[in-house]
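These protein sequence lines are chains X and W, in that order. Just so we're aligned, residue 443 is where the first sequence starts under the numbering used here, counting upward by one. Just so we're aligned, residue 1159 is where the second sequence starts under the numbering used here, counting upward by one. Take a look at the structure set out below.
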Amino acid sequence: MTAPSLVGSAGGVLVLVGALVTLSGGVGLLRMPDFYSRVHAAGLTDTAGVGLIALGLILRAPDWGVVVRLLFILLFLLLTSPTATHALAQAARRDGVRVWTDGEPRR
Amino acid sequence: MLLVAAMIGILTTMVLALVRALLGPTLYDRILAVNMFGTKTVIFVALIGFVMGRPQFLDIALFYALVNFVGTVAVLKLSHYRELDAVRSEEDVR
């Protein structure tokens, strides 16, 4: 395997792992019992999945312009996705969404 | 071929997020699902740009990431203060 195809396949593996992480976030969004565990599931895999896929695409990028754009997307999402999730959880907390404890019915 | 598989994975996640948006009992579940849907759109557009070999799509993805974040924060502010231009001060926080 020559160097470029090695990097390309490494990028492909990263993209697949990122897609799997994203998928697990989607499943977690449905299976979790209450809002706060869903925020945890969705926010975490959001940032991780998009980060992995963006890194995988960077490895497969044909030229430097694409790499710079992908770095912008990656940097921006790494900064704002956790912030948005935090703002969401804080707004829910202030609005009185109760935390689910074991034994309670699913909310 | 690899990127198409990732795109299918992301599409199913978007469907799952839509299901949560429809089912979600509280308002904040819906905001969370829509926010997740938006983030997945960002990376889906980037993937399409790669599959179709058009790097301009990455600008659209970056733009949508900006819009999605601002939209989520605006909806949060609207749902909390019931209007967008409320002055943020301690005494009017319920």
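Ideal Cβ placement from N, Cα and C applies to all residues, glycine included.
| Length of the line joining the Cα atoms of W:D1243 and W:L1236 | Position 85 of the second sequence, counted from the start, is the residue given in the question as residue 1243 of chain W. Position 78 of the second sequence, counted from the start, is the residue given in the question as residue 1236 of chain W. Between W:D1243 and W:L1236, the alpha-carbon positions lie close to 9 Å from each other.
| Would X:G485 pass as a contact of X:S447 if the rule is Cβ separation under 8 Å? | Taking the first residue of the first sequence as position 1, residue 485 of chain X is located at position 43. Taking the first residue of the first sequence as position 1, residue 447 of chain X is located at position 5. Not a contact, by the Cβ cut-off of 8 Å.
| said: Is there a Cβ of chain W sitting closer than 8 Å to that of X:I495, yes or no? | reply: Residue 495 of chain X sits at position 53 when you count from the first residue of the first sequence. Closer than 8 Å: yes.
| Can we say the segment 513-521 of chain X touches the segment 1192-1211 of chain W, given the rule of at least three CB pairs closer than 8 Å? | Contact between the segment 513-521 of chain X and the segment 1192-1211 of chain W is present, because at least three Cβ pairs lie under 8 Å.
| request: Determine the closest residue to W:G1229 out of W:A1219, W:I1168, W:A1179, W:N1193, with distance taken between C-alpha atoms. | output: Counting from 1 along the second sequence, the entry for residue 1229 of chain W is found at position 71. Distance check between W:G1229 and each of W:A1219, W:I1168, W:A1179, W:N1193 places W:N1193 closest, using alpha-carbon atoms only.
| For W:G1167 versus X:T464, is the C-beta distance shorter than 8 Å? | Counted from its first residue, the second sequence places residue 1167 of chain W at position 9. Counted from its first residue, the first sequence places residue 464 of chain X at position 22. With a cutoff of 8 Å on beta-carbon distance, W:G1167 and X:T464 are scored as near each other.
| query | Thinking C-alpha only, which one of W:L1180, W:A1164, W:V1173, W:M1172 is nearest X:V459? | reply | Sequence index remark: in the first sequence, residue 459 of chain X carries index 17 (1-based). For the residues W:L1180, W:A1164, W:V1173, W:M1172, the minimum Cα distance to X:V459 belongs to W:A1164.
| query | Can you list the residues of chain W that X:G507 reaches, using a CB-CB cut of under 7 Å? | reply | Along the first sequence, one-based indexing puts residue 507 of chain X at 65. Chain order gives the chain W residues near X:G507 as P1213, where near means a beta carbon separation below 7 Å.
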